[in-house]
Amino acid sequence: MTWDDYADGWDEDEGARAYSRAAFECLTRLADSRGVPLAGARALDFGCGTGLLTEKLAPVCGAIVAMDTSAKMVERLRQKIDRFGLTNVVPTTAALEKLVHQEPTLLADGFDFVVCSSVCAFLDDYFGAVANLVCVMKPGGLFVQWDWELDREAEEPHGLTRNQIVQALTASGLKNTQVETAFEVPLGGVTMRPLLGVGQKPT
Ligand SMILES: C[S@@+](CC[C@H](N)C(=O)[O-])C[C@H]1O[C@@H](n2cnc3c(N)ncnc32)[C@H](O)[C@@H]1O
202 MTWDDYADGW DEDEGARAYS RAAFECLTRL ADSRGVPLAG ARALDFGCGT GLLTEKLAPV
262 CGAIVAMDTS AKMVERLRQK IDRFGLTNVV PTTAALEKLV HQEPTLLADG FDFVVCSSVC
322 AFLDDYFGAV ANLVCVMKPG GLFVQWDWEL DREAEEPHGL TRNQIVQALT ASGLKNTQVE
382 TAFEVPLGGV TMRPLLGVGQ KPT
């Protein structure tokens with residue numbers, strides 16, 4: 202299975218919907234507590250999928266670049282942009298390293314927020330990706346990720362440890378890092394309890 206195979210049913214998946222709702226509420230609280238306003242901000246939604254988080258950011262933020270390497274996920278997002286008139290969202294399937302060369306103007310102004318909702322644990326090079334993402338942030342900007350916590354006892358272990366997140370954020374030069382349980386949302390007899398990782402680019 203590739204991410205393209207998940208695109209058609211993604212928006213109907215109650216887990217994905219609940220996760221993105223909780224992530225947005227978490228981000229709103231975080232922006233307030235860190236004093237980095239979401240209103241009018243430039244945001245990069247890295248690994249945006251079909252845009253479940255992007256569509257919540259759009260009415261608040263000034264501009265959003267929504268990036269995902271799955272063409273089908275981004276196609277779903279493009280349909281929403283047309284349907285809902287999300288004129289401040291620019292979708293792209295270009296990988297970050299290529300985007301820097303192919304569409305430098307998209308990145309030139311830098312981002313107040315880089316958000317990664319359930320993406321980082323799926324990356325081949327998590328540490329390298331964080332380093333690249335920090336390069337396109339504005340000084341004072343917030344890097345925010347939500348990911349499943351690694352359970353080594355699980356049948357198919359998946360996710361990140363708190364230590365891995367602290368190390369990746371710190372190695373990329375982010376300050377005021379914070380790693381904790383992001384939210385607790387009951388769903389179908391289990392409780393979704395992902396991790397939140399946050400860091401701020403030095404001014
Ligand atoms: C679990 S989905 C989350 C989608 C979306 N953020 C959400 O919360 O609904 C993970 C997404 O990460 C994307 N992804 C995986 N590797 C990526 C990469 N290197 N660059 C950008 N996106 C990537 C996948 O295509 C997929 O859409």
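Numbering (the working numbering), first residue to last: 202 to 404. All C-beta atoms in this analysis are idealised placements derived from N, C-alpha and C, irrespective of residue type, glycine included. Fair warning: this is a prediction, and the values are worked out from it, not measured in the lab.
DSSP lists 243 as the beta-bridge partner residues of residue 264. With contact defined as three or more Cβ pairs closer than 8 Å, the segment 207–223 and the segment 282–302 are not in contact.
In this structure, the straight-line span from the alpha carbon of residue 357 to that of residue 327 is close to 19 Å.
With at least 16 other beta carbons inside 10 angstroms of its own, residue 345 counts as buried. Closer than 6 Å to some heavy atom of ligand 1: that does not describe the Cβ of residue 287.
Bounds of the alpha helix (DSSP H) holding residue 274 are 272–285. The three-state reading of DSSP puts residue 234 in helix, counting H, G and I together. The beta carbon of residue 323 sits closer than 6 Å to at least one heavy atom of ligand 1. In the DSSP assignment, residue 362 falls outside any alpha helix (DSSP H) and carries neither an H nor an E.
As computed with DSSP, residue 395 is found in no beta bridge at all.
Short of 6 Å from the beta carbon of residue 376, and not among the five residues preceding or following it, lie these beta carbons of its own chain, in chain order: 401, 403. Here DSSP, grouped into helix, strand and coil, assigns residue 251 to coil. If you ignore the 5 residues before and after residue 338, its C-beta comes within less than 7 Å of the C-beta of 311, 312, 315, 344, 402, all in its own chain and listed in chain order.
Look at residue 348 here: in three-state DSSP terms it is strand.
Residue 373 has its CB no nearer than 6 Å to any heavy atom of ligand 1.
Along the segment 202–234, the alpha helix (DSSP H) occurs as fully enclosed runs of 4 or more residues at 208–211, listed in sequence order. Collapsing the DSSP output to three states places residue 301 in a helix. Spatial neighbours of residue 297 in its own chain (CB-CB distance under 8 Å, excluding positions within 5 residues in sequence) are listed in chain order as 247, 268, 330, 333, 334, 337. If you look at residue 336, you'll find it isn't in any beta strand (DSSP E); it sits in the alpha helix (DSSP H) that goes 327–336. Residue 354 has its alpha-carbon roughly 43 Å from the corresponding atom of residue 285. Distances between the C-beta of residue 202 and the heavy atoms of ligand 1 are all 6 Å or more.
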